[in-house]
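Worksheet: the structure to be examined is printed underneath.
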Amino acid sequence: MIEQLQRLPGIGPKSAQRIALHIIKRSDEEVEALAQALVDAKKQVGACRICFNLSAEPTCEICRNPQREDKTLCVVSESRDLIAIEKTREYRGKYHVLGGVISPMDGIGPEQLTIHQLIQRVSQQDVQEVIIAISPSVEGETTTLYLGQLLKPFTRVTRIAFGLPMGGDLEYADEVTLARALEGRQEL
Ligand code: ZN
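The following block contains the structure:
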């Protein structure tokens, strides 16, 4: 169990041990409920066929919502960043989730991400602006610039401004910082 837990993001050997000991002390029912929740979530949740956000339905809630405008797309690397932006309540457009960032060191090139599908969406729909909202790491910058080059022939491309330190993670930003970053987006 400790070995398995240690594979989770943000869980080191000490935390894994602490969680394992905690689980051992829980009742059988509680542990079964936890195990079942993991299995159920894994079975039911997949990628939205349009934006690749996590969704229990073939098309996610945001893509199905007629109140959200189709003309603006916000590109994020993972669903957790989408959740962070949703919390600001500042954004009324739709999303595209890349599934990561370009990272040659980890063997992740454009083909491993949903970039092809993004270009298809932007070229086939009336998209007037693509806002790129990717954490400003080295890989994030590479991905942002790469997407800018690909998308500019089709539409206006902007990126969010960062009131965040370089290397900071989008998902850990507070709502106000993220809302300001969206407001202060710049032409790429
Ligand atoms: Zn969707």
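Read in order, the letters of the sequence shown correspond to residues 32 to 219 in my numbering.
We treat Cβ as the ideally placed atom computed from N, Cα and C, and that holds for glycine.
- In the displayed model, Q151 falls within a helix according to three-state DSSP.
- The C-alpha of V62 is placed about 45 Å away from the C-alpha of V153.
- Assigned with DSSP and collapsed to three states, A72 falls in helix.
- In the structure shown, T186 falls within a coil segment according to DSSP collapsed to helix, strand and coil.
- Contact check for I163 against L149 fails: the beta carbons are separated by 8 Å or more.
- Under the DSSP assignment, L213 falls in the alpha helix (DSSP H) whose first and last residues are E206 to E214.
- Following the DSSP letters along the chain, one finds I114 inside the alpha helix (DSSP H) bounded by residues S110 to T119.
- When distances are taken from the beta-carbon of S108 to the heavy atoms of the ligand ZN, even the shortest one reaches 7 Å or more.
- The closest CA to that of E206, considering only R57, E117, M136 and G131, is found on E117.
- From the listed residues Q155, K56 and A64, the smallest Cα separation to K102 is found for Q155.
- By the neighbour-count criterion, in which 16 or more other beta carbons inside 10 Å mark a residue as buried, I55 falls on the exposed side.
- In terms of side-chain proximity, the C-beta atom of I81 is found nearer than 7 Å to a non-hydrogen atom of the ligand ZN.
- Here the alpha carbon of R216 sits roughly 15 Å from the alpha carbon of G124.
- The C-beta separation of V169 from V106 comes to about 18 Å, leaving the pair out of contact by the 8 Å criterion.
- With a cutoff of 7 Å, S86 counts as near the ligand ZN, since its C-beta is closer than that to a heavy atom of the ligand.
- Taking the CA atoms as reference points, T90 sits about 9 Å from F83.
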